[in-house]
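Numbering (UniProt numbering), first residue to last: 1 to 284. Where is the CB? At the ideal position from N, CA and C, for every residue including glycine.
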């Protein structure tokens, strides 16, 4: 069977989702690996891949719920490629400003490239057009079971929804789920061994990112508001002044409050963001 076109961002996103659904490695790792090896010519295409992949996963339960309401074929019995093409297109239709006709046409283009049978293309086309036709009146999960309702609507696992419902009640849990699905801002951490945050923020606003602003939660954090470039291309990155790390992760180290000379074991280290932050705060 022909390979997916390497210069088609939707085909690249499809490849990532199929690999992710198999269970390992983590989504961020697959995304990084595939984009590193990809030959996508335009940075906007690479950004689209990230948007599509993360968007589908963020809203997966509800996307699957909608597809299942307009398909006579159970999702669990669908070919992984067909299923994930439907997911990608449904995400674009429901959550982005991409024209619906473009989302559908691009999906059918991938199926044609793979020489899929006409009835499969017809099935995908029919399901997607039904979703478009009913976009203003989409089905809602049944609300007689609050756990199931919130789990599907906001795409969170039932065990976590139940835990939050027991602790916070329905209204607060729904607010928490809604906020958790918002796209996080791009946040960097300033290496205070090399430069203070205030001095660096002034430099950054003048030289490269005028819209940058101080993070309200972390004394070392800066939000790159509206930044569309690559952090690794910023001068400060090459100077060793900054690292990419969200504000919640930065707070963990500040709560630890490490002191110079202490022996600290980071037993759950991933890429080492908190480990290097500990080193900075201990002046190591």
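Review point. Buried or exposed: residue 164, going by 16 or more other Cβ atoms within 10 Å of its Cβ?
Key: Here the question's residue 164 lines up with position 164 in the chain shown. Around the C-beta of residue 164, 16 or more other C-beta atoms lie within 10 Å, and the residue is accordingly described as buried.
Exercise for review: Would you list the residues sitting across from residue 221 in a DSSP beta bridge?
Suggested key: Your numbering for residue 221 matches position 221 in the chain shown. In the DSSP output, where bridge partners are listed per residue, residue 221 has 189.
Practice item. Could you name the residues of the same chain whose beta carbon sits closer than 6 Å to that of residue 84, not counting the 5 residues immediately before and after it, in chain order? Key: Counting from one through the chain shown, the residue named residue 84 turns up at place 84. Within the same chain, Cβ atoms closer than 6 Å to the Cβ of residue 84 are found at 14, 17, 18, the five residues on either side in sequence being excluded.
Review point. Is residue 264 helix, strand or coil when you go by DSSP?
Key: On the chain shown, residue 264 is found 264 positions in, with the first residue counted as 1. Collapsing the DSSP output to three states places residue 264 in coil.
Practice item. Provide the residue span of the beta strand (DSSP E) that contains residue 180, from first to last. Key: Along the chain shown, read from residue 1 onward, the residue named residue 180 stands at position 180. Counting along the chain, residue 180 sits inside no beta strand (DSSP E); it lies in the alpha helix (DSSP H) bounded by residues 170 to 180.
Exercise for review: Locate the alpha helix (DSSP H) running through residue 34, then write down its first and last residues.
Suggested key: Here residue 34 corresponds to residue number 34 of the chain shown, with the count starting at 1. Looking at the DSSP string, the run of the alpha helix (DSSP H) that includes residue 34 is 27 to 37.
Review point. The beta strand (DSSP E) spanning residue 243 covers which residue range?
Key: Reading the chain shown from its first residue, position 243 is the one you call residue 243. That run of the beta strand (DSSP E) goes 242 to 244.
**Study point:** Unbroken stretches of the alpha helix (DSSP H), 4 residues or longer, contained in the segment 40 to 127
**Key:** Positions of the alpha helix (DSSP H) runs, each at least 4 residues long and wholly inside the segment 40 to 127, are given as 43 to 58, 60 to 69, 80 to 95, 100 to 113 in order along the chain.
Check your understanding: Quick one: what does DSSP say residue 212 is sitting in, helix, strand or coil?
Key -> On the chain shown, position 212 is the one that residue 212 refers to. Note: residue 212 maps to coil in three-state DSSP.
Point to revise | residue 280, DSSP secondary structure in three states | key: Here the question's residue 280 lines up with position 280 in the chain shown. If DSSP states are grouped into helix, strand and coil, residue 280 belongs with the helices.
Point to revise | residue 153, buried or exposed, once every other Cβ within 10 Å from all chains shown has been counted against 16 | key: Residue mapping note: residue 153 aligns to position 153 of the chain shown, counting from 1. With 16 or more Cβ atoms within 10 Å of its Cβ, residue 153 is classed as buried.
Exercise for review: Report the option in 26, 78, 273, 54 whose CA atom is closest to the CA atom of residue 88.
Suggested key: In the chain shown, residue 88 corresponds to position 88, counting from 1. Checked all of 26, 78, 273, 54; the closest Cα to residue 88 is 54.
Check your understanding: By how many angstroms is the C-alpha of residue 186 removed from the C-alpha of residue 228?
Key -> Taking the first residue of the chain shown as position 1, residue 228 is located at position 228. Taking the first residue of the chain shown as position 1, residue 186 is located at position 186. Approximately 10 Å, taken between the alpha carbons.
**Study point:** Inter-residue spacing [alpha-carbon to alpha-carbon] between residue 79 and residue 48
**Key:** Counted from its first residue, the chain shown places residue 79 at position 79. Counted from its first residue, the chain shown places residue 48 at position 48. Their Cα atoms are separated by approximately 24 Å.
Check your understanding: If you pair each beta-carbon of the segment 238 to 253 with each one of the segment 176 to 196, do three or more pairs fall below 8 Å?
Key -> Yes: the two stretches touch, three or more of their Cβ pairs being nearer than 8 Å.
Exercise for review: Can you give me the start and stop residues for the alpha helix (DSSP H) that residue 11 sits inside?
Suggested key: Walking along the chain shown from the start, residue 11 turns up at place 11. For residue 11, the enclosing alpha helix (DSSP H) has its first and last residue at 9 to 21.
Point to revise | Presumed contact (8 Å Cβ cut-off) between residue 247 and residue 218, rounded CB distance | key: For the purposes of this step, residue 247 is taken as residue 247 along the chain shown, with counting starting at 1. For the purposes of this step, residue 218 is taken as residue 218 along the chain shown, with counting starting at 1. Contact flag correct, Cβ pair sits at about 5 Å.
Practice item. For the segment 137 to 150 and the segment 101 to 111, state whether three or more C-beta atom pairs, one from each stretch, are separated by less than 8 Å. Key: The answer is no - the segment 101 to 111 does not touch the segment 137 to 150, with fewer than three Cβ pairs under 8 Å.
Point to revise | Backbone CA spacing between residue 1 and residue 10 [nearest angstrom] | key: Working through the chain shown from its first residue, we reach residue 1 at position 1. Working through the chain shown from its first residue, we reach residue 10 at position 10. Here residue 1 scores only 47 on pLDDT, less than 50, and its place in the model is too uncertain to base an answer on.
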